[in-house]
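**Q** Mind the numbering: the sequence shown is residues 808 to 1133 in our numbering, read in order. The C-beta atom is built at its ideal place from N, Cα and C for all residues, glycine as well. Pasting in a structure now, in structure tokens, and then I'll have a few things to ask.
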Amino acid sequence: MARYRFLFQVGKVAALLSVVLFVLYIVISCSSKSADVKVHQINDETVNLTSDNPLENYDYFPTYKIMPGDILDVLYQMSTWDVKENFKLAIDTKVDVKFVHVPELNETQTIKPDGTISLPFLGKVVAVDKTVDELTNELKSRYSKILRNSDLYLVISDYNARIKELKTDLHTAPRGLSRLTTVRPDGFATFPMIGDIFVIGKTIPQANQTLNETYERMIPGLHVVLFLEKNAGFIIYVLGDVKKPGAYSIVKPISILEALSMAGSFEYSAKLSDIVVVRREKDKIVARAIDAKALVSMDKEKFANIVFLRPDDIVYVPKRFITEAA
808 MARYRFLFQV GKVAALLSVV LFVLYIVISC SSKSADVKVH QINDETVNLT SDNPLENYDY
868 FPTYKIMPGD ILDVLYQMST WDVKENFKLA IDTKVDVKFV HVPELNETQT IKPDGTISLP
928 FLGKVVAVDK TVDELTNELK SRYSKILRNS DLYLVISDYN ARIKELKTDL HTAPRGLSRL
988 TTVRPDGFAT FPMIGDIFVI GKTIPQANQT LNETYERMIP GLHVVLFLEK NAGFIIYVLG
1048 DVKKPGAYSI VKPISILEAL SMAGSFEYSA KLSDIVVVRR EKDKIVARAI DAKALVSMDK
1108 EKFANIVFLR PDDIVYVPKR FITEAA
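Below is the structure:
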């Protein structure tokens, strides 16, 4: 899986190289000694200089997005005591249909996997995703065409059977009320009872909401809390005038200077006043020319967005002009 992710990431950066080289030329050629940070944006085929001053900080890793290889921990919570104003019938719910004046027609039915129950004279009736009142009114209306007196009522005797079954399974498992699942290269992760859910590119809260909505439709009263048990790490690229240029896999946030250290440090001919960081931000590719001296004294908390690297960032160290001319 690690090899798959590496090749995938290398393929992505190769597609951007032509654009990146163009940006590097513009960023470096426009650099000024008076500015520590210069910013250029690429949107489609246009390049615009947006600022000569240090940027306002954005949240560093404001939203971690799930990636292939991540291990997710799913904690299950059974809220069977919560009051449900619009409780809807679900598969495996046991329904007692009681006829007031014709008790011999009374039926006890469990909602089948196709969402139906079978009743005298009516045959199959869709019950899933309906409230008790909705199903009661529907049955009264349909039986009024058959019976002289169609008074009836429903009793839900065992609505949380599936929760009890799941609770039993979880309690007998090694991890108790939680499960670990690994995000596959295709972006899906497999969860108990609901199967495959696409999670790649989603934040943990977004994936958590998707799971809760899916479980709620299937088993009312069942909720989950999603945790990131282990992240698969991500790749950054250090290129240009460094001793060991290439792609590097990391599992924690690192600074630009730490990335240069991973690449064996810079060459004697490196132009450290114009280190370029290329990053995709939403629908733009943004390039920043940064002075290495400024990185040493820069407030790492205030300017975390500049100092630290994000997944797929490209760090490029250019040569000094005199060296290139020689």
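Alpha carbon to alpha carbon, what distance is there between Leu954 and Asp899?
**A** Between Asp899 and Leu954, the C-alpha separation is close to 28 Å.
**Q** Can you give me the C-alpha to C-alpha distance between Pro1125 and Arg1086, rounded to a whole angstrom?
**A** Approximately 17 Å between the Cα atoms of the pair.
**Q** Please list the segments of the alpha helix (DSSP H) lying wholly inside the segment 1045-1127, counting only runs of 4 or more residues, in order along the chain.
**A** Runs found: 1063-1069, 1099-1104 and 1111-1114.
**Q** For Ala996, which three-state DSSP category applies?
**A** Note: Ala996 maps to strand in three-state DSSP.
**Q** Please go through the same chain and pick out, in chain order, the residues whose beta-carbon is closer than 7 Å to the beta-carbon of Pro1052, but skip the five residues on each side of it.
**A** Cβ neighbours of Pro1052 beyond the five flanking positions: Val1045, Leu1046 and Ala1070.
**Q** Check whether the segment 876-886 and the segment 982-995 are in contact - that is, three or more C-beta pairs closer than 8 Å.
**A** The segment 876-886 is in contact with the segment 982-995.
**Q** In terms of alpha-carbon separation, which member of Pro920, Ser925, Val932 and His908 lies closest to Glu914?
**A** Looking at the Cα atoms, Ser925 is the closest of the given residues.
**Q** Quick check: the Cα distance between Asn910 and Gly1002, rounded to an integer number of angstroms?
**A** This sequence places Pro at residue 910; Asn is not what is there. Their Cα atoms are separated by approximately 41 Å.
**Q** Please state the DSSP three-state secondary structure of Arg1024.
**A** Arg1024 falls in the helix class under three-state DSSP.
**Q** Going by the CB atoms, is the gap between Val1122 and Ile1063 shorter than 8 Å?
**A** Against a cut-off of 8 Å, the Cβ pair of Val1122 and Ile1063 comes out as a contact.
**Q** Hey, how far is the Cα of Thr997 from the Cα of Ile1004?
**A** In a straight line, the C-alpha of Thr997 is about 6 Å away from that of Ile1004.
**Q** I need the boundaries of the alpha helix (DSSP H) containing Val990, first residue and last residue.
**A** That residue, Val990, is in no alpha helix (DSSP H); it is neither H nor E in DSSP.
**Q** Please confirm whether Leu896 and Ile918 have their CB atoms less than 8 Å apart.
**A** Yes.
**Q** Quick one: grab the DSSP three-state call for Asp843.
**A** Note on Asp843: pLDDT 49, under 50, position unreliable in the model; no value is reported.
**Q** Check whether the Cβ atoms of Lys905 and Gly1008 sit closer than 8 Å, and answer yes or no.
**A** No. Outside cutoff.
**Q** Given a cut-off of 8 Å on the beta-carbon distance, is the pair Val902 and Leu961 in contact?
**A** It is a contact, given that the beta carbons lie within the stated cut-off.
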